[in-house]
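Student:
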Amino acid sequence: MPKVTVSLDADLAIDVMMLSGAANPQDAVELIVRDYLARSRRTEARTGTPDDSARLTREQRPHTEG
Numbered sequence: 001m002p003k004v005t006v007s008l009d010a011d012l013a014i015d016v017m018m019l020s021g022a023a024n025p026q027d028a029v030e031l032i033v034r035d036y037l038a039r040s041r042r043t044e045a046r047t048g049t050p051d052d053s054a055r056l057t058r059e060q061r062p063h064t065e066g
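Per full-length UniProt numbering: the sequence shown = residues 1 to 66.
1) Figure out for me which residue from Ala38, Asp15 and Asp9 has the closest Cα to the Cα of alanine 28.
2) On the DSSP letters alone, give me the boundaries of the alpha helix (DSSP H) that methionine 18 sits inside.
3) Am I right that leucine 31 and serine 40 are in contact with their C-beta atoms under 8 Å? What's the rounded C-beta distance?
4) Would you identify the three-state DSSP class for glutamate 2, choosing helix, strand or coil?
5) Helix, strand or coil, according to DSSP, for serine 40 in the structure here?
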């Protein structure tokens with residue numbers, strides 16, 4: 001997998017390390033990003049995507065008797 005280099009403010013890197021419990025900034029940022037992505041997927045699974053809005057707003061179809 002290709003690697004990307006990102007520059008961060010030292011205070012931000014330290015905060016991320018403290019929150020994640022990681023020993024170095026690289027691992028800390030990776031853990032935070034992976035958690036963010038996993039949480040986003042869990043949220044979509046529970047709430048649906050914007051395409052699911054039609055499912056939630058049911059139109060009242062006229063009842064036909066025949």
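The beta-carbon is built from N, C-alpha and C at its ideal position, and this holds for glycine as well.
Tutor: Result, derived from the coordinates:
1) For this step, residue 28 is matched to residue 28 along the sequence shown. Nearest C-alpha to alanine 28: Asp15.
2) Mapped onto the sequence shown, residue 18 falls at position 18. 10-20 is the extent of the alpha helix (DSSP H) around methionine 18.
3) Sequence index remark: in the sequence shown, residue 31 carries index 31 (1-based). Sequence index remark: in the sequence shown, residue 40 carries index 40 (1-based). Not really, about 15 Å apart at Cβ, beyond 8 Å.
4) To locate residue 2, count along the sequence shown from 1; it is residue 2. According to the sequence displayed, residue 2 carries proline and not glutamate. If DSSP states are grouped into helix, strand and coil, proline 2 belongs with coil.
5) The residue given as residue 40 occupies position 40 in the sequence shown. Serine 40: helix per DSSP, three-state reduction.
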